[in-house]
Ligand code: HEC
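Numbering (this note's numbering), first residue to last: 1 to 166.
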């Protein structure tokens with residue numbers, strides 16, 4: 001009797017395992033697909049971050065013109081979280097080239113902050129140059145052409161229940 005019960009448990013757990021596995025595989029498939037579609041709202045937020053980055057770039061340019069290493073620090077501190085969000089955005093789009101260039105952009109900003117805080121103008125200006133090059137490299141690659149934007153949800157009505165022309 002006890003043996004029977006165990007055997008039944010083994011069978012049903014096998015079924016449960018199969019069910020969980022198939023759901024899991026399906027779930028991974030859906031997640032991978034969803035990861036390559038962004039919403040129109042996310043695209044707009046990305047563009048707003050780009051505009052904010054451009055403003056900060058002007059402050060960084062002032063630091064360069066003034067030959068003032070420390071003046072790079074404050075704008076770079078504001079830029080870094082924007083670039084982190086940009087990296088997350090590009091990972092979500094799945095556009096490989098932009099993901100790589102976004103990483104380079106962030107690394108240049110990290111280096112810029114280290115050298116700015118250390119008061120090393122030569123190293124900071126080199127990092128600033130690297131930063132600008134990776135901004136430009138990404139723009140030249142036009143990754144936006146590969147971004148899939150989710151369709152806005154459209155109102156649908158079950159067939160045969162709507163008024164004609166409504
Ligand atoms: C990983 C890619 C990438 C990097 C790195 C990048 N950008 Fe952009 N940027 C874009 C794309 C793509 C667009 C075009 C907008 C879109 O997505 O349709 C853009 C647009 C812009 C715009 C116009 C925004 C608008 O309203 O359309 C500005 C300004 C800008 N970027 C500044 C910068 C600055 C400054 C940096 C460096 C600190 C930078 N970007 C780094 C990809 C990048």
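Positions of the beta carbon are idealized from the N, C-alpha and C atoms, including for glycine.
Small disclaimer: the values here were computed from a predicted structure and weren't measured.
task = Report buried or exposed for residue 33, applying the criterion of at least 16 other Cβ atoms within 10 angstroms of its Cβ.
result = For residue 33, the predicted structure reports a pLDDT of 45, less than 50, and the residue's modelled location is therefore unreliable. The matter cannot be settled from this model.
task = Pull up the DSSP beta-bridge partners for residue 148, would you.
result = Partner residues in the beta bridge of residue 148, as assigned by DSSP, are 37.
inquiry  = Determine whether the beta carbon atoms of residue 97 and residue 49 lie at a separation below 8 Å.
reply    = 8 Å or more divides the Cβ of residue 97 from the Cβ of residue 49.
inquiry  = Among the candidates 140, 94, 90, 121, whose CA atom is the shortest distance from the CA of residue 45?
reply    = Looking at the Cα atoms, 90 is the closest of the given residues.
query = Within the present structure, is the beta-carbon of residue 59 separated from the nearest heavy atom of the ligand HEC by less than 7 Å?
reply = Outside the cutoff, so no.
key: Residues passing the C-beta test against the ligand HEC heavy atoms, cut-off 6 Å   = Every residue passing the under-6 Å Cβ criterion appears here: 46, 47, 50, 51, 53, 54, 57, 90, 98, 101, 102, 105, 131, 134, 135, 138, 139, 143, 144.
request  = Out of 100, 72, 112, 92, state which residue places its alpha-carbon closest to the alpha-carbon of residue 148.
outcome  = Among 100, 72, 112, 92, the Cα nearest to that of residue 148 belongs to 92.
request  = Tell whether a beta-carbon distance below 8 Å holds between residue 76 and residue 132.
outcome  = Result no, Cβ atoms of residue 76 and residue 132 do not sit closer than 8 Å.
task = Give a yes or no on contact between the segment 135-145 and the segment 115-127, applying the rule of three or more CB pairs nearer than 8 Å.
result = These segments do not touch.
request  = Leaving aside the five residues before and after residue 20 along the sequence, list all residues of the same chain whose C-beta is less than 6 Å from its C-beta, in chain order.
outcome  = Unreliable positioning characterises residue 20 in this predicted model, as indicated by a pLDDT of 48, which lies under 50. The coordinate reading is nonetheless provided below. Closer than 6 Å at the Cβ level, and outside the excluded window around residue 20, lies no residue.
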